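Undergrad:
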Amino acid sequence: MIDFLRRYQVLVSSGTLLLIATMLISANTRREERVDPLARLVLDAIYPLQLAVNQVTGGVSDIWQGYVDLVGARAEAEALRAHVGVLKGELTRLAEVEAANRRLRQLLKLRRVVGERLVAARVIGWDASARDRTITLDRGEQDGVVSGAAVLVPEGVVGHVFRVSRRAARVLLISDRNSGVDAIIQRSRVRGIVQGRQETCDLKYVKRGADVRQGDHVVTSGLDGIFPKGVLLGDVAQVKTPELGMFQTIVVLPRVAFDQLEEVLVTTGGEPEGPAEEPPASRDAPKLGWHSVLPEVGYGAAARALA
Amino acid sequence: MRITFVILAFGAGAILLQTTLLHFVPIGSAMPDLVLVLCVYLGLHHQSVGGVLGAFSLGYFVDLFSGTDLGLNAFAMTSVFLMVYLLSRRLWIEGGLSNVVIVFAAAVGKTLTIAGLLALFSGTLTAASVRDDILGGAVAAAVAPLVFGALDRTSRRARASH
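Note that the protein sequences, when read in sequence, are chains Y and A.
So that you can map any letter, position 236 of the first sequence is 235 in numbering that gives the first Met the number 0, and since no number is skipped, the others follow by simple counting.
So that you can map any letter, position 150 of the second sequence is 149 in numbering that gives the first Met the number 0, and since no number is skipped, the others follow by simple counting.
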């Protein structure tokens, strides 16, 4: 017996581990919560590395952008090179601040619409495989983020938190094949389930005769207990009624550009803190970066609540 | 022990790259599967219980940063190790081109394994995901000689300094 085990040790150990993996998949399929004791530990351990790589990537991108801008300025006016360079740099900086302000103003408006306490988070990582659609955020339990929290941007629903550690959280995007969101057609109030299909989504379980047209807005119904009611999921791109079967085949195009996500809002439950005043259009914020911009542009209580 | 550390370091680096920088590599929605290359390397050069454990662990760590189906990649990477191990006992696999071919074959094998598991357990497989997996495998196969070279050099240094 021992000789057999020694001779076929690789095959035996492979078989054992395949069996363990099958049991993991099976247990995971049956339960709602994932059985992954190491997940929190690993997520917290790799969080600083992901954050660092993300910041380095941003820095390199800024340097490259600055280089491109400088090359353009040199070619434009040789005599006024220094002056134009300074002005261009200033313009780039202001444009960046303005873009950050615009995004943050939209996030603040969304906070008023949602009517729940929200926390702003930055995307620091994406899914390790091309098959699945998840992202990692730089906010965790210590910021009030809990498993099952909705993740939103002004364009619509991003997804929901399915795993959270102390300082980071992972989000299942609505375009992931395992995601399902209770939804309604805004115009006709027809109900269905939005399920992910990588780049697009399907609106499932809509009866053959239901009133659904191309271009209709699909919004959350609020019945799943995760997403607030009435947040945009996407637009109906295609409606097909098969010859057989009870349901229509409806393709939904999400409004959110998932690949370009930078900042998101995460619901943390409860009523929003302080008055949600309209933020002023500020162009004189002195520093770049949305974490630092918020308190400095004077958004008041809403900004403090978000930051 | 040092070799284990080398493989672990490469694995952590691969997962870190796959969750950050490689997301921006412009090859559509596909992603170079560097962890797969590591598992093939283990299957070719570390044919022991430690190698199997390494492949399983790498798959498990990918599971922690990928999707919601825990165990899926652990199963797939262990299967890849087994497939490469069995193939290498029957075929002569050495050199750049054969490494490229074996990594691509492993990518196809992994995709089929995952497709089978998804069909069995959740039934949520899409054609787009199969396409992305195969494309990611092709890119991984293209960079395999570089990764193999780096692993060989680092392993040799680790052995020499031991």
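Don't be surprised by glycine CBs; every beta carbon is placed ideally from N, CA and C.
Since the model is a prediction, treat every value here as computed from it, not as a measurement.
Taking all protein chains shown into account, decide if T18(A) is buried (16 or more other Cβ within 10 angstroms of its Cβ) or exposed.
TA: It counts as buried.
Undergrad: According to the neighbour-count rule (16 or more other Cβ atoms, all chains shown, within 10 Å of its Cβ), is P278(Y) buried or exposed?
TA: Model confidence at P278(Y) stands at a pLDDT of 43, short of 50, so the residue's coordinates are unreliable; what they give is reported in the following sentence. So P278(Y) counts as buried.
Undergrad: Got a sec, what are the start and stop residues for the alpha helix (DSSP H) Q17(A) sits in?
TA: Note, Q17(A): alpha helix (DSSP H), R1 to T18.
Undergrad: Pick out whichever of R92(Y), P241(Y) and Q194(Y) has its Cα sitting closest to the Cα of D181(Y).
TA: Q194(Y)
Undergrad: What are the boundary residues of the alpha helix (DSSP H) that P253(Y) is part of?
TA: Taken as a continuous stretch (DSSP letters only), P253(Y) belongs to no alpha helix (DSSP H), being part of the beta strand (DSSP E) at T248 to P253.
Undergrad: Using beta carbons (cut-off 8 Å, strictly below), is T44(A) in contact with chain Y?
TA: For the record, residue 44(A) in the displayed sequence is His; it is not Thr. Judged by the 8 Å Cβ criterion, H44(A) is not in contact with chain Y.
Undergrad: Is the CB of A99(Y) under 8 Å away from at least one CB in chain A?
TA: no
Undergrad: Quick check: is the beta carbon of L69(A) nearer than 8 Å to any beta carbon in chain C?
TA: Considering every chain present, this structure includes no chain C. Its protein chains are Y and A.
Undergrad: What residues in its chain sit with their C-beta under 6 Å from that of G288(Y), if we drop five residues either side in the sequence?
TA: Confidence at G288(Y) is low in this model, with a pLDDT of 31, below 50, so the placement of that residue should be treated as unreliable; the coordinate-derived value is given next. Around G288(Y): no qualifying Cβ.
Undergrad: Among D215(Y), V230(Y), V152(Y) and R188(Y), which one has its Cα closest to the Cα of Q259(Y)?
TA: V152(Y)
Undergrad: Can you give me, in chain order, the residues of the stretch 86-120 of chain A that have a beta carbon less than 8 Å from any beta carbon in chain Y?
TA: So the close ones are I113, L116 and F120.
Undergrad: Between L7(A), M82(A) and N98(A), which has its C-alpha nearest F165(A)'s C-alpha?
TA: Coverage of chain A is limited to positions 0 through 161, which leaves residue 165(A) absent and any answer about it impossible.
Undergrad: Just checking: is the beta-carbon of F246(Y) within a distance shorter than 8 Å of some beta-carbon in chain A?
TA: For F246(Y), no Cβ of chain A is located within less than 8 Å of the residue's own Cβ.
Undergrad: Just tell me which of V218(Y), E261(Y) and L172(Y) has its CA closest to the CA of R186(Y).
TA: Ranking V218(Y), E261(Y) and L172(Y) by Cα distance to R186(Y) puts V218(Y) first.
Undergrad: Look up T56(Y) in the DSSP assignment and say whether it is helix, strand or coil.
TA: helix
Undergrad: Near A75(A), which residues of its chain fall below 8 Å by C-beta distance, leaving aside the five closest residues on each side in sequence?
TA: Contacts found: G58, K109, T112, I113 and L116.
Undergrad: Quick one: Cα of L150(A) to Cα of V211(Y), how far?
TA: Each residue's alpha carbon lies about 56 Å from the other.
Undergrad: In terms of residue numbering, what span does the alpha helix (DSSP H) encompassing R155(A) cover?
TA: A126 to S160
Undergrad: Put W91(A) into one of helix, strand or coil per three-state DSSP.
TA: Residue state, collapsed to three classes: coil.
Undergrad: Using a Cβ cut-off of 8 Å (strictly closer), state whether A159(A) contacts chain Y.
TA: Output row for A159(A): interface = no.
Undergrad: Compute the beta-carbon to beta-carbon distance between V34(A) and A13(A), rounded to the nearest angstrom, for a pair I have assumed lies under 8 Å.
TA: 5 Å
Undergrad: Which word fits G84(A), buried or exposed, when buried means at least 16 other C-beta atoms lie within 10 angstroms of its C-beta?
TA: The question names Gly, yet the displayed sequence has Tyr at residue 84(A). Its Cβ being crowded by 16 or more others within 10 Å, Y84(A) is buried.
Undergrad: Looking only at its own chain, which residues have a Cβ that is under 8 Å from the Cβ of E123(Y), when we skip the five neighbours before and after it?
TA: Per the sequence presented here, residue 123(Y) reads as Ile, with Glu not at that position. Only Y46, Q49, L50, N53, T135, L136, D137 and A167 meet the Cβ criterion.
Undergrad: Please say whether T153(A) and V51(A) have beta carbons closer to each other than 8 Å?
TA: no
Undergrad: Considering only the beta carbon of each residue, do L172(Y) and I249(Y) sit closer than 8 Å?
TA: For L172(Y) and I249(Y), no; Cβs fall outside 8 Å.
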